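> Per this note's numbering, residue 2 is the first one in the sequence shown, and the count goes up by one each step. Would you mind keeping the following structure in view while I ask a few things?
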Amino acid sequence: MTDALFIGAHPDDVEILAGGTVARMARTGRRVVIADATRGEMGTRGTPAERAVEAADAARILGVERVNLDLPDGRIAEDVPGAVRRVVETLRALRPRVVFVHEFGDHHPDHNALAQAVRFACFQSNVLKYDTGQERFRPSRLFHYVGSRQRWPNRPDFVVDITDVWSTKLEALRAHRSQLANPDYQGPETYVSSDLAWHMIEMRAGFFGGLINVRYAEGFTADAPLRIDDPMGLAEA
Ligand SMILES: [Zn+2]
Numbered sequence: 002m003t004d005a006l007f008i009g010a011h012p013d014d015v016e017i018l019a020g021g022t023v024a025r026m027a028r029t030g031r032r033v034v035i036a037d038a039t040r041g042e043m044g045t046r047g048t049p050a051e052r053a054v055e056a057a058d059a060a061r062i063l064g065v066e067r068v069n070l071d072l073p074d075g076r077i078a079e080d081v082p083g084a085v086r087r088v089v090e091t092l093r094a095l096r097p098r099v100v101f102v103h104e105f106g107d108h109h110p111d112h113n114a115l116a117q118a119v120r121f122a123c124f125q126s127n128v129l130k131y132d133t134g135q136e137r138f139r140p141s142r143l144f145h146y147v148g149s150r151q152r153w154p155n156r157p158d159f160v161v162d163i164t165d166v167w168s169t170k171l172e173a174l175r176a177h178r179s180q181l182a183n184p185d186y187q188g189p190e191t192y193v194s195s196d197l198a199w200h201m202i203e204m205r206a207g208f209f210g211g212l213i214n215v216r217y218a219e220g221f222t223a224d225a226p227l228r229i230d231d232p233m234g235l236a237e238a
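Set out below in structure tokens:
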């Protein structure tokens with residue numbers, strides 16, 4: 002049984018969008034697994050072999066396990082049923098209580114297609130006659146990262162304070178040596194490898210932090226209303 006499964010299309014997506022939440026959950030003893038849908042083989046910088054080493058290093062820094070679903074980078078949308086099947090197999094193997102994935106309408110086609118595939122898979126995984134040779138399983142919640150950069154952000158349904166694990170998130174990001182801003186890596190420039198992109202990651206965390214009066218946070222939406230038994234639990238101490 003896994004507590005939380007964080008799914009991202011490319012090997013650095015989860016760190017960028019939810020690395021602090023991952024680190025925080027792992028630190029409190031939760032079993033957290035990151036699933037990268039692809040090996041990032043279409044990336045402008047870095048080879049699949051380099052990226053696998055970087056992803057493993059980042060997982061070690063965050064204190065979590067990591068798996069790869071081996072879907073085709075840049076072409077997830079071309080075979081959504083195939084992606085659904087891989088995700089169902091993963092859900093039934095890991096049995097996560099909550100699942101996180103990209104938001105619908107994300108600017109990157111892989112992110113958007115993966116969000117659709119994971120939503121289908123969370124349903125199909127519990128269908129007895131959807132046969133993968135495994136026991137059926139239904140995660141109890143599906144959450145989405147709020148991270149699209151080219152439009153007004155979705156209003157988060159909840160925001161996680163990551164101030165205490167901010168340095169861990171940055172360290173995990175730096176482990177992606179071929180991808181993010183890194184003067185020591187020789188390769189063609191991309192937006193993600195620019196100083197501006199790094200700045201945007203910090204700014205987004207600061208923006209979400211500002212919503213709950215802390216320095217850094219990450220925002221998420223939920224697929225259905227969040228159950229709260231005692232509203233007093235939400236009152237500030
Ligand atoms: Zn991505």
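In this text, a Cβ means the ideal position worked out from N, Cα and C, and glycines have one as well. Quick caveat, the model's predicted, so the values are computed rather than measured.
Please identify the residue among P157, T45, A182 whose C-alpha is closest to the C-alpha of G211.
Measuring from the Cα of G211, the nearest candidate turns out to be P157.
> In whole angstroms, give me the CA-to-CA distance for F105 and D71.
One C-alpha to the other measures close to 21 Å.
> May I ask you to list the residues that DSSP assigns as paired with D37?
In DSSP, D37 forms a bridge with G9, N69.
> Between which two residues does the beta strand (DSSP E) holding R32 run?
Per DSSP, R32 belongs to no beta strand (DSSP E) and is neither H nor E.
> With H, G and I counted as helix, E and B as strand and the rest as coil, what does DSSP make of H109?
Coil, per DSSP.
> Using the C-alpha atoms, what's the distance from T91 back to I213?
Looking at the two C-alpha atoms, the distance is approximately 34 Å.
> Between H109, H145, L235, which lies nearest to A223 when the distance is taken from Cα to Cα?
Nearest C-alpha to A223: H145.
> Which full runs of the beta strand (DSSP E) of 3+ residues lie inside the stretch 156-234, going along the chain?
You should have 159-162, 218-223.
> Return yes when the C-beta of H145 is under 6 Å from any heavy atom of ligand 1, and no when it is not.
No, the beta carbon of H145 sits no closer than 6 Å to any heavy atom of ligand 1.
> Please say whether V99 and F142 have beta carbons closer to each other than 7 Å?
In the sequence on display, residue 142 carries Arg and not Phe. Cβ distance < 7 Å, so R142 and V99 count as in contact.
> Is H11 a contact residue of ligand 1, with contact defined as CB to any heavy atom under 6 Å?
Because some heavy atom of ligand 1 lies under 6 Å away, the Cβ of H11 counts as near it: yes.
> Rounding to the nearest angstrom, what Cα-Cα distance links P189 and G47 in this structure?
Spanning the two alpha carbons is a distance of roughly 10 Å.
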